[in-house]
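Asker:
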Amino acid sequence: MTYTIYFWIAAYYAGNFIESAVRLSENASVCGIAWRIAYWGAFFIYYKLSRDKGKFSRIGIAAPGSAALRPGIIALYAAAPAAALCAACLERGGIPTYDLLKLAERICVDISAAIIEELLFRGVLLLGILGHTRIKTAGAVTISAGLFAAAHLMNLFAGGGLLYTLPQTVFAFCAGICLGALAVRTKSIIPAVILHMTVNLSSIIIETPAMSGAGIETAAICALAILYLATGLLLLRKQTTKERKFIT
-6 MTYTIYFWIA AYYAGNFIES AVRLSENASV CGIAWRIAYW GAFFIYYKLS RDKGKFSRIG
54 IAAPGSAALR PGIIALYAAA PAAALCAACL ERGGIPTYDL LKLAERICVD ISAAIIEELL
114 FRGVLLLGIL GHTRIKTAGA VTISAGLFAA AHLMNLFAGG GLLYTLPQTV FAFCAGICLG
174 ALAVRTKSII PAVILHMTVN LSSIIIETPA MSGAGIETAA ICALAILYLA TGLLLLRKQT
234 TKERKFIT
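Each residue of the sequence shown is one higher than the last, beginning at -6 in our numbering.
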């Protein structure tokens, strides 16, 4: 199962690389949407045809526990969209408009990135550490969050400036703590995928030319980073307390 998932993850990033290599095409947006829909369609078919659904649950592809429906967790999903909308409304120019095709591509990219990154960092990596090593929950979540943040440093090689990439990396670590704790707490990566999607899709509003580098954008990102880190630490504390009670 592990090798099969490695194949799917590698295939996705190979598709990303090929897409960036042929980006000069006039139909780039259409191609970007099409291959991602085809990819996830193929993955869904593979999942449905698989006889052993238990192998998917080992990497967090399973129905989440009841904790995922608690009001605090549901409110967490709304935090990033609310912060982005507030920042856009307070900033001069308000909420921007977009070309529909490019907007559709951006939405497709953001959703796909959320799924594949959660599958890799929370499904394969985090749950793999917990299942195959003696590292405790807090340590495993911190390791996965650190690697998740480090992956964002690759933006330095993709044209991102240092002043943009470093804050993004710090934010990714804070969010990674929350995403990891959420996955462990709910025994599924699905809530983490949903939260990751809301963050990515909110960036469509908050990462506009008019707001780039704006103080209100920085304030919104800092507030979200603090919220996610605090929530993640709280969830980890509850989880470790629960584990200690189970052991004793």
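Glycine residues also receive a C-beta, built at the ideal position from the N, C-alpha and C atoms.
Would you please state the rounded distance, in angstroms, between the beta carbons of V134 and V177? I believe it to be under 8 Å.
Answerer: Contact holds; Cβ gap of about 7 Å.
Asker: What first and last residue would you give for the alpha helix (DSSP H) that runs through S22?
Answerer: S22 -> alpha helix (DSSP H) spans 21 to 42.
Asker: Since K180 contacts P57 with CB under 8 Å, what's their CB separation in whole angstroms?
Answerer: 7 Å between Cβ atoms; contact.
Asker: Cβ of A80 within 7 Å of Cβ of E210?
Answerer: Taking 7 Å as the Cβ cut-off, A80 and E210 qualify as a contacting pair.
Asker: Among the candidates K95, L175, A3, I38, whose CA atom is the shortest distance from the CA of A131?
Answerer: The candidate whose alpha carbon is nearest that of A131 is L175.
Asker: For Y(-4) and V117, what's the separation of their Cα atoms in angstroms?
Answerer: Those two C-alpha atoms are separated by around 11 Å.
Asker: Please state the DSSP three-state secondary structure of S105.
Answerer: In this structure, S105 counts as helix in the three-state DSSP scheme.
Asker: Return the CA-CA distance between A4 and Y221, expressed in angstroms with no decimal places.
Answerer: Their backbone Cα atoms lie some 30 Å apart in a straight line.
Asker: To the nearest angstrom, report how far apart V186 and I108 are at their CA atoms.
Answerer: About 6 Å.
Asker: State yes or no: is the C-beta of A77 within less than 7 Å of the C-beta of I198?
Answerer: Yes. Within cutoff.
Asker: If you reduce the DSSP assignment to three classes, tell me which class Q232 lands in.
Answerer: Reduced to three states, the DSSP call for Q232 is helix.
Asker: Identify, in the order they occur along the chain, each residue of the same chain with its Cβ nearer than 7 Å to the Cβ of A72, setting aside the five sequence neighbours on each side.
Answerer: Excluding residues within five positions, the ones whose Cβ falls inside 7 Å are L217, L220.
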